[in-house]
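In what follows, a single structure is set out as structure tokens and then discussed.
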Amino acid sequence: MARSLMLTAAVLLSCGALFAAFVPPAVRTAPATTPTQAAVALSAAALATPEVAHADGDSVWIPALSAVGAGFAIGLAAIGSGVGQGIASGRCIDGISRQPEVADDLRGVLLLSLAFMESLTIYGLVIALVLLFANPLIK
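So in this note's numbering, spot 132 of the sequence shown is number 132, and the numbers just go up one at a time.
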């Protein structure tokens with residue numbers, strides 16, 4: 001439990017650091033707002049985010065969110081593939097230990113399924129590279 005809380009905190013801090021690095025601070029000219037006004041402003045900002053992301057000029061939303069999306073793409077692809085390969089390999093070892101005479105058949109099927117699982121990780125890498133270097137949203 002403590003380990004997952006630490007990992008969650010680390011991910012949130014790193015996302016906050018990326019956000020702070022790529023998004024310039026807003027210029028405040030109005031006096032401090034009350035909590036209800038802050039909630040309304042936050043809701044309006046959340047609704048206006050797509051328009052800001054496609055704004056022309058020196059908008060930094062698309063590169064910043066692309067970096068976060070690329071990190072999630074490769075991270076989730078690697079985690080999913082790693083877990084799937086571990087489960088498949090464990091089941092194959094269990095099957096070989098129960099029936100050693102089918103070891104060659106199981107080994108061939110295992111290697112084929114591991115190759116398919118690894119191809120999904122490569123797709124995640126390709127998506128991450130497209131988001132970082134050939135982003136179609138950046139004009």
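Heads up, the beta-carbon is just placed ideally off N, CA and C, and yes, glycines get one too.
Keep in mind the model is a prediction, meaning the values are calculated, not measured.
Next on the checklist: Pop quiz: residue 132 and residue 66 are said to be a contact at Cβ under 8 Å. What is the actual Cβ separation, rounded to whole angstroms?
Outcome noted: 6 Å
Next on the checklist: Does the structure place the segment 117 to 134 close enough to the segment 67 to 80 that three or more beta carbon pairs sit under 8 Å?
Outcome noted: yes
Next on the checklist: Quick check: residue 138 and residue 87, are their CB atoms within less than 8 Å of each other?
Outcome noted: no
Next on the checklist: Only counting the same chain, and skipping five residues up and downstream in sequence, which positions put a Cβ closer than 6 Å to that of residue 85?
Outcome noted: 114, 117
Checklist entry - In chain order, what residues of the same chain lie with their CB nearer than 7 Å to the CB of residue 13, ignoring the 5 residues before and after it? => result none
Next on the checklist: Using the three-state DSSP reduction, which class does residue 138 fall into: helix, strand or coil?
Outcome noted: coil
Item to check | Residue range of the unbroken alpha helix (DSSP H) whose run includes residue 101 | outcome: Looking at the DSSP string, residue 101 is not in any alpha helix (DSSP H), and its letter there is neither H nor E.
Checklist entry - For residue 68, which of helix, strand or coil comes out of DSSP? => result helix
Checklist entry - If we ignore side chains and look at the alpha-carbon of each, how far apart do residue 103 and residue 92 end up? => result 9 Å
Next on the checklist: To the nearest angstrom, how far is the alpha carbon of residue 107 from that of residue 94?
Outcome noted: 12 Å
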